[in-house]
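Colleague:
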Amino acid sequence: MAASRGLLSSSVLLVSVFLTLTEAREHLVGGKANAWKIPSSESDSLNKWAGASRFQIGDSLVWSFDPSKDSVLQVSKKDYETCNTSSPIAAHKDDNTKVKLERSGAYYFISGAEGHCQKGQKLIVVVMSARSQFIGVSPAPSPMEYDGPAVAPTSSGVCLKSGLVVMLGVLTALALF
Ligand SMILES: *[C@@H]1O[C@H](CO)[C@@H](O)[C@H](O)[C@H]1NC(C)=O
1 MAASRGLLSS
11 SVLLVSVFLT
21 LTEAREHLVG
31 GKANAWKIPS
41 SESDSLNKWA
51 GASRFQIGDS
61 LVWSFDPSKD
71 SVLQVSKKDY
81 ETCNTSSPIA
91 AHKDDNTKVK
101 LERSGAYYFI
111 SGAEGHCQKG
121 QKLIVVVMSA
131 RSQFIGVSPA
141 PSPMEYDGPA
151 VAPTSSGVCL
161 KSGLVVMLGV
171 LTALALF
């Protein structure tokens with residue numbers, strides 16, 4: 001009886017630990033409302049904000065802006081660099097634009113408003129691989145080194161994840177009995 005109750009509570013604990021580890025988050029671009037605009041200085045840039053944040057698979061980016069004046073274009077690395085708005089991968093014009101980050105690697109966004117990208121209204125978001133999410137190491141390479149779709153999470157990342165869960169389970173069981 002006591003043993004099965006212990007087992008039950010350790011499984012519940014395990015599940016909640018796992019959910020906490022994998023919890024998806026929403027990131028308001030720029031960290032505040034109406035931050036999708038031409039930066040007033042380098043230190044105010046959106047990439048400065050992005051560099052200080054951790055993005056994980058499953059998280060979402062949320063933009064706040066006036067849709068009558070601006071839009072968000074997801075573009076290729078090349079179009080990001082040249083501020084070419086003519087053939088975006090996706091164009092978002094809602095006042096509550098939300099983009100789910102479904103893979104690791106770099107995502108490139110520029111403003112759809114005429115001339116804004118050239119003045120610095122652009123954003124690179126680098127999503128960590130499944131592996132680095134669980135060992136807490138950020139991908140060292142700079143965003144500019146990413147080209148095209150990133151590699152899918154590796155199986156070793158998954159192994160590491162389940163290994164961690166098993167380890168937590170053992171520790172929980174030890175603590176309970
Ligand atoms: C922008 O991209 C389009 C489509 O890829 C291309 O045809 C056009 O020449 C590019 N414009 C500039 C200024 O690079």
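Its first residue numbered 1, the sequence shown is counted upward by one per residue in UniProt numbering. Even glycine gets a Cβ: it sits at the ideal position worked out from N, Cα and C. Owing to the predicted nature of the structure, the values given are computational and were not obtained by experimental measurement.
So what does DSSP say about Ala152, is it helix, strand or coil?
Modeller: With a pLDDT of 45 at Ala152, under the threshold of 50, the modelled position of that residue is not reliable, and the figure given next carries that caveat. Note: Ala152 maps to coil in three-state DSSP.
Colleague: For Tyr80, which three-state DSSP category applies?
Modeller: In this structure, Tyr80 counts as helix in the three-state DSSP scheme.
Colleague: Using DSSP bridges, identify the partner residues of Ser111.
Modeller: Looking at the DSSP assignment, Ser111 forms a beta bridge with Val72.
Colleague: Pair every Cβ in the stretch 54-69 with every Cβ in the stretch 95-104, then say whether three or more of these pairs are closer than 8 angstroms.
Modeller: Yes: the two stretches touch, three or more of their Cβ pairs being nearer than 8 angstroms.
Colleague: The alpha helix (DSSP H) with Leu101 in it runs from where to where?
Modeller: No alpha helix (DSSP H) holds Leu101; DSSP gives it neither H nor E.
Colleague: Just checking Ser87 against ligand 1 - is the residue's beta carbon closer than 6 angstroms to any of the ligand's heavy atoms?
Modeller: Yes.
Colleague: What's the C-alpha gap between Gln123 and Ala130?
Modeller: According to the sequence provided, residue 123 is Leu. The question's Gln does not apply to it. Each residue's Cα considered, the two are about 22 angstroms apart.
Colleague: Nearest to Met128 by CA position, among Ala50, Ala33, Tyr80, Asn34, is which residue?
Modeller: It is Ala50 whose Cα lies nearest to the Cα of Met128.
Colleague: Considering only residues of the same chain and omitting the five flanking positions on each side of Asn84, which have a CB-CB separation below 8 angstroms?
Modeller: Excluding sequence neighbours, Asn84 sits near Val75, Lys78.
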